[in-house]
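Chains as they are written, first to last, in our numbering: chain A, 2 to 302; chain B, 49 to 356; chain C, 2 to 513. The beta-carbon is built from N, C-alpha and C at its ideal position, and this holds for glycine as well. The block underneath contains the structure these notes are about, expressed in structure tokens.
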Amino acid sequence: MASSIPVSVPADAPPADAARGGRVAQRTRRLVAAGAAFVVLLALVAATAPWLAPHDPVRQSLRARLTAPTLEAADGRAHPLGTDHLGRDVLSRTIFGARVSLVIGFAAVAVGSAVGAALGILAGYRGGWTDTVIMTIADAQLAFPFVLLAIGIIGVLGPSFPTLVVVIGLSGWVDYARVLRSQVLVLRSREFVDAIHALGGAVPRIVGRHILPNVLSTLVVIATLQLARAIVLEATLSFLGLGIQPPTPSWGGMIQEGREYLDSAWWISIFPGCLLLLTSLVVSRSGDWLRDLLDPTLRSE
Amino acid sequence: MRALAAFLAARLVRALIAVWLVSTVVFVVMRLSGDPVPLLLPADAPRSEYARVARELGTDRPLPVQYAVFLGHVVRGDFGRSIHFREPAMRVAIGYLPATVELGLTAFALAVLVAVPVGVVSAVRRNTAVDHAAMAVALVGQSAPTFFLGILFILLLSLKAGLLPTSGRGDWTHLVLPAMTLGAFSMASIARLTRSALLEVLRQDYVRTARAKGLREWRVVVKHAFRNAAVPVLTITGLQLGTLLGASVVTETVFAWPGLGRLAIHSIYNRDYPIVQCVVFLSALVFIVINFVIDLTYGLLDPRIRPR
Amino acid sequence: MSGLTRRELLKAAGVASAAAALPTARAAAQSTQKRELVVAQGGDISKFDPHYSTSSNDIRISFNLFDNLVSRHPDGKLYPSLATEWKLTNPTTWTFKLRQRVKWHNGDAFSAADVKYSFERTWDPKLNTRVSTVFTTVERVEAPDATTVVFTTKKPDPLLDARVAFYGGQIVPKKYVEAVGNDTFNAKPIGTGPVRFVSWTKDDRVVLEANPDYFGGKPDFDRFVMRSIPETAPRIAALLKGEVDIVTQLPPDHAERVTGNATTRVAGALYAGLYVLAVNSKVPPLDNPLVKQALSLGVDRELIVKELWRGRGIVPNGPIAKGDNHYDAALPPLTYDPKEARDRLKKSGYKGEEIVIETTVGYTANDKPMSEAIVAMWRDIGVNAKVEVLEYSVRAQKNRDRTFKGLWWSDPTSTLSDPDGMMWRLLGPGGPQDYWRHPRFDELGEAARFSVDQKVRGQAYKEMTKIFLEHFPWIPIIQPYEDYGLQKYVDWTPNPNQALEIRRFAFKFRRA
Numbered sequence: 002m003a004s005s006i007p008v009s010v011p012a013d014a015p016p017a018d019a020a021r022g023g024r025v026a027q028r029t030r031r032l033v034a035a036g037a038a039f040v041v042l043l044a045l046v047a048a049t050a051p052w053l054a055p056h057d058p059v060r061q062s063l064r065a066r067l068t069a070p071t072l073e074a075a076d077g078r079a080h081p082l083g084t085d086h087l088g089r090d091v092l093s094r095t096i097f098g099a100r101v102s103l104v105i106g107f108a109a110v111a112v113g114s115a116v117g118a119a120l121g122i123l124a125g126y127r128g129g130w131t132d133t134v135i136m137t138i139a140d141a142q143l144a145f146p147f148v149l150l151a152i153g154i155i156g157v158l159g160p161s162f163p164t165l166v167v168v169i170g171l172s173g174w175v176d177y178a179r180v181l182r183s184q185v186l187v188l189r190s191r192e193f194v195d196a197i198h199a200l201g202g203a204v205p206r207i208v209g210r211h212i213l214p215n216v217l218s219t220l221v222v223i224a225t226l227q228l229a230r231a232i233v234l235e236a237t238l239s240f241l242g243l244g245i246q247p248p249t250p251s252w253g254g255m256i257q258e259g260r261e262y263l264d265s266a267w268w269i270s271i272f273p274g275c276l277l278l279l280t281s282l283v284v285s286r287s288g289d290w291l292r293d294l295l296d297p298t299l300r301s302e
Numbered sequence: 049m050r051a052l053a054a055f056l057a058a059r060l061v062r063a064l065i066a067v068w069l070v071s072t073v074v075f076v077v078m079r080l081s082g083d084p085v086p087l088l089l090p091a092d093a094p095r096s097e098y099a100r101v102a103r104e105l106g107t108d109r110p111l112p113v114q115y116a117v118f119l120g121h122v123v124r125g126d127f128g129r130s131i132h133f134r135e136p137a138m139r140v141a142i143g144y145l146p147a148t149v150e151l152g153l154t155a156f157a158l159a160v161l162v163a164v165p166v167g168v169v170s171a172v173r174r175n176t177a178v179d180h181a182a183m184a185v186a187l188v189g190q191s192a193p194t195f196f197l198g199i200l201f202i203l204l205l206s207l208k209a210g211l212l213p214t215s216g217r218g219d220w221t222h223l224v225l226p227a228m229t230l231g232a233f234s235m236a237s238i239a240r241l242t243r244s245a246l247l248e249v250l251r252q253d254y255v256r257t258a259r260a261k262g263l264r265e266w267r268v269v270v271k272h273a274f275r276n277a278a279v280p281v282l283t284i285t286g287l288q289l290g291t292l293l294g295a296s297v298v299t300e301t302v303f304a305w306p307g308l309g310r311l312a313i314h315s316i317y318n319r320d321y322p323i324v325q326c327v328v329f330l331s332a333l334v335f336i337v338i339n340f341v342i343d344l345t346y347g348l349l350d351p352r353i354r355p356r
Numbered sequence: 002m003s004g005l006t007r008r009e010l011l012k013a014a015g016v017a018s019a020a021a022a023l024p025t026a027r028a029a030a031q032s033t034q035k036r037e038l039v040v041a042q043g044g045d046i047s048k049f050d051p052h053y054s055t056s057s058n059d060i061r062i063s064f065n066l067f068d069n070l071v072s073r074h075p076d077g078k079l080y081p082s083l084a085t086e087w088k089l090t091n092p093t094t095w096t097f098k099l100r101q102r103v104k105w106h107n108g109d110a111f112s113a114a115d116v117k118y119s120f121e122r123t124w125d126p127k128l129n130t131r132v133s134t135v136f137t138t139v140e141r142v143e144a145p146d147a148t149t150v151v152f153t154t155k156k157p158d159p160l161l162d163a164r165v166a167f168y169g170g171q172i173v174p175k176k177y178v179e180a181v182g183n184d185t186f187n188a189k190p191i192g193t194g195p196v197r198f199v200s201w202t203k204d205d206r207v208v209l210e211a212n213p214d215y216f217g218g219k220p221d222f223d224r225f226v227m228r229s230i231p232e233t234a235p236r237i238a239a240l241l242k243g244e245v246d247i248v249t250q251l252p253p254d255h256a257e258r259v260t261g262n263a264t265t266r267v268a269g270a271l272y273a274g275l276y277v278l279a280v281n282s283k284v285p286p287l288d289n290p291l292v293k294q295a296l297s298l299g300v301d302r303e304l305i306v307k308e309l310w311r312g313r314g315i316v317p318n319g320p321i322a323k324g325d326n327h328y329d330a331a332l333p334p335l336t337y338d339p340k341e342a343r344d345r346l347k348k349s350g351y352k353g354e355e356i357v358i359e360t361t362v363g364y365t366a367n368d369k370p371m372s373e374a375i376v377a378m379w380r381d382i383g384v385n386a387k388v389e390v391l392e393y394s395v396r397a398q399k400n401r402d403r404t405f406k407g408l409w410w411s412d413p414t415s416t417l418s419d420p421d422g423m424m425w426r427l428l429g430p431g432g433p434q435d436y437w438r439h440p441r442f443d444e445l446g447e448a449a450r451f452s453v454d455q456k457v458r459g460q461a462y463k464e465m466t467k468i469f470l471e472h473f474p475w476i477p478i479i480q481p482y483e484d485y486g487l488q489k490y491v492d493w494t495p496n497p498n499q500a501l502e503i504r505r506f507a508f509k510f511r512r513a
């Protein structure tokens, strides 16, 4: 299906000559490092949130509600990013919100890649009906807005942490499956696997020795791009009221809560929103850079 | 041509299977999500009333029977009566369709009309300030979450600057913000792809030849390069039309746009199964038709490309 | 002068002309030549058929498309509508005299047969209406002649005139409904009211036109458009920009924006009802009255009213809303006493069991923020409290199955301006919030429902209030003002019962 082409597209054409290519690669390496540094920093912030945040993120102070960013509010505290409709500190909530985004994002990527890889290998290895069924399911999933399905499923099961991870994770399995499937097919067509098979190699060993190493870099690229998607999907679900439940702060939830006050207390929505945008931008860009670096073949697609 | 026809027929079969799978999943999910009957009755209605209404809606029958009845009706394009509106689901959904089509096409037109020229200019003037600025904006547009982008637009252009209405459907001014929000991702993707596709072509031999013949750069771009860059651009563009469908669910919610996406979300909350199934079916259908059309155009546009 | 740039000159000229224009602009803002009334509410309507919906978004339309026999005006009193006079002819018989020469929107003549049909339609078991339990005290309705309707009640019903004035009591056209069926009637409604149906674009707007032949006089506009703008900020922006004339559901946090604007103002009505946390008194530890007393004492209602509601509400003193029959003004508002709350909690033997508020988001105004604030207050007195968020549909299901885990928001409307239409309707045996029984409370409630002696009823409600304040089957939180934003050129008084009254006696444009 045409839908198998990755939606994110390479921005730069291949370099014209080797010397320039070297320079570009060097620059890309630096950019990837910068992106990784950002994610590590964000992870550090999330991990150290209880010490880093100036206030308890769920502590209310009704007398100081809807306070604009200030260093001295009605409750005698500093709220550098203001307070929300219950007088909770927006900075502290934004810091804690990073936890939800990252934990769910990484967990969802783990689930998605595991399921996708398993099904992709299965489809490629078994071929025939197994292949047809798996790929048809993949087509079906891509054939309509996943957000609707997510809302339906979460409506049934209730918005708990495991549900969110599984639903968001499953939203991205198709990309992994396609890559692994085609890789397996390539190896099979070389009768390479059959040869090993004939020599008594077990499937897990073949996969571990000969398939995964070949596609690892591609998988890392996909996983990075999926991480950005997972973080945005989690925020979108929280925004629709189907994410992590209150009072636990999440970026999407904060944006939703602040929407009511957009004209008078914009800071409730805008600060977590900007951080969400920045995270999504950096992570997805890092994925693009990684692709340029690790997997030049993908670029000319 | 026969090969193409066979290929398309195979695709059609797979597409139909995909629609069936989607419908089935939605059926199961919606039926498990709970009973619609309490939403139809007063809080103090007696239990006998609940049983009677359940019988009327058929929700008292075993799930497999309900499923068989459902499939039988779907084949005839009948999705049952909306529980909430007490009208045929298809008629309700079609009532919401114009708003979604209007928004979707506007967003799409906006995306293409802005993105293609931007991409071309970026490619021709590569590595200039114009190029860098355009690509930076495109990158932000490509990674910004739709709902937050919508909120930013509302805050800046509507509430602060007072230029445009915040929500709802009305004259053309109501269309601007939702169309920008919905089109942003596609616009960014198409602009970036146009640029890279064009750069790719510009590097190739026949373009160099054309240049060597002393043709003006713009003429080279327009006459030779652009036509060849059009295939990948067309692919991504068609695909974008499909992803617009998904994004419109969120956009319509943010802007209270009375379209299919919002209808779907409301209907999920109201457990109005017939409507949800109908909307999902329609959107899956649209997506598949789009892909189908892309495949067709491939063949027409570039005879070298043939499905394997 | 020579020191000024051209731009500065232009700016100065602009300021001057703006200043000159100001007085006229202000005067103009106080009056209008508009012939179209545009109202924005927080959600779309779901139905026109008045017997199939009681939601506030729907009744803002249906009470204007249709008329009741008797009408409750914004001053809280009952006035003639389709009935011109009515009286209790014996303890179980009410007789209504109907207005003559009233026409339906399609030109048919209105008669007593329509009235009889309408009431029987509400409780017809085959039709499964939303108002099937409103007239359970009625034995039968008869129409001895074209302008007389006689109600026979099962026992003496002192409140029948109030019952027919609210939802369920709208009169629908017998001939038309029977001819076209319920679904077409709902899609193309015909009433006797001051506005006629024109069109409905779902999730967008309802368009109605003035009924020039209305018996109460043609309303002060030619067209009436009801728009649906679910989000608060856009709804208010539409008012401030002059796109709409009235907005409903104006949250107190946003009132300042409306009052701060030169051409708009806020009008409010004290809600005819209460916002309460209903309690599932069957599950431990909420079966223990001491625990519930502690929970009530642990809520700082004054802080909630002052901060979350910006003072737009009053602290209730029991289960009867201010403005209702038998409201006891001498009773003090429910108090906040965290120390006493802790003591009662200790005495109750509470062992830290989890107590859950199941809230919706926006089902009642401020429900989620109030839940979060109250849970924080309860944690301060040592209650292991928690908020869970429900979708409306899940709430409806739990309401039916009576499976709420602990507490949940309810906004009991006083449908009759009397405790019978509020606490007894909901908390009585078999009622929708029947989670707690008390023999004496039940005995008194039943006696008050069927007594025409107001003194007996007053005594009964006094004693019931006492029992209520010991057992707290509801924890009342606030009786809020329900605010609307208006253009200053609109002359309109809101009705406490959430109906949007646009008849001539309640609505006018100020014309220059």
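{"Check": "Per-residue DSSP class, three states only, for C:S349", "Outcome": "helix"}
{"Check": "Cross-chain neighbours of C:P370 in chain A, by beta carbon under 7 Å", "Outcome": "H86 and L87"}
{"Check": "Contact between the stretch 37–46 of chain C and the stretch 232–245 of chain C (3+ Cβ pairs under 8 Å)", "Outcome": "yes"}
{"Check": "Close Cβ partners of C:A22 (< 6 Å) along its chain, the five nearest in sequence each way excluded", "Outcome": "Bear in mind that a pLDDT of 42 at C:A22, under 50, signals an unreliable position, so the number given afterwards is only what the model happens to contain. The answer is none, since no qualifying residue turns up."}
{"Check": "Chain A contacts from the stretch 295–320 of chain C (Cβ-Cβ distance under 7 Å)", "Outcome": "L304, E308 and L309"}
{"Check": "Under 9 Å between C-beta atoms of B:F335 and B:G231", "Outcome": "no"}
{"Check": "Contact under 9 Å by Cβ, C:P568 with C:P75", "Outcome": "Shown here, chain C extends from 2 to 513; a query on residue 568 of chain C therefore has no answer."}
{"Check": "Residue-chain proximity (A:P247, chain C), Cβ-Cβ < 9 Å", "Outcome": "yes"}
{"Check": "Proximity test, Cβ basis, 9 Å: C:E257 and chain A", "Outcome": "yes"}
{"Check": "Those runs of the alpha helix (DSSP H) which lie wholly inside the stretch 76–124 of chain C and span at least 4 residues", "Outcome": "113–124"}
{"Check": "Within-9 Å CB hit, B:R62 to chain A", "Outcome": "yes"}
{"Check": "Minimum Cβ-Cβ distance from B:R354 to chain A less than 9 Å", "Outcome": "Residue placement at B:R354 is poorly supported in this model, since its pLDDT is 45, which falls under 50; the coordinates still yield a value, given next. No, B:R354 lies away from the interface with chain A (no Cβ there is under 9 Å from its Cβ)."}
{"Check": "Buried or exposed by the 16-neighbour rule on C-beta atoms within 10 Å, applied to B:N175", "Outcome": "exposed"}
{"Check": "Euclidean distance between Cα positions of C:E257 and C:T264", "Outcome": "13 Å"}
{"Check": "Contact set for A:T29: own chain, Cβ-Cβ below 6 Å, skip 5 residues either direction", "Outcome": "W290, D293 and L294"}
{"Check": "Any alpha helix (DSSP H) of 4 or more consecutive residues that is wholly inside the stretch 130–209 of chain A", "Outcome": "147–158, 162–171, 174–190, 193–199 and 204–207"}
{"Check": "Range of the contiguous alpha helix (DSSP H) that encloses B:R256", "Outcome": "D253 to A260"}
{"Check": "Residue environment, C:T233, which counts as buried when at least 16 other CB atoms sit within 10 Å", "Outcome": "buried"}
{"Check": "Same chain, Cβ closer than 8 Å to A:T131, five either side skipped, listed in chain order", "Outcome": "L123 and A124"}
{"Check": "Below-9 Å beta-carbon distance, C:S389 vs any chain A residue", "Outcome": "This sequence places Glu at residue 389 of chain C; Ser is not what is there. Cβ-Cβ to chain A under 9 Å: yes for C:E389."}
{"Check": "Helix, strand or coil at C:L70 according to DSSP, with G and I counted as helix", "Outcome": "coil"}
{"Check": "Min CB distance A:P55 to chain C below 9 Å", "Outcome": "no"}
{"Check": "B:I142, enclosing alpha helix (DSSP H) - first and last residue", "Outcome": "A137 to V172"}
{"Check": "9 Å Cβ cutoff, B:Y321 in contact with chain C", "Outcome": "no"}
{"Check": "Rounded separation between C:D45 and C:G363 - CA only", "Outcome": "14 Å"}
{"Check": "Beta-carbon contacts of A:A154 that lie in its chain and below 8 Å, excluding the five residues immediately before and after", "Outcome": "Looking at the sequence provided, one finds Ile at residue 154 of chain A rather than Ala. Closer than 8 Å at Cβ, skipping near neighbours: T164 and V168."}
{"Check": "DSSP three-state assignment for C:K509, whether helix, strand or coil", "Outcome": "strand"}
{"Check": "Coarse secondary structure for C:L278, derived from DSSP in three states", "Outcome": "strand"}
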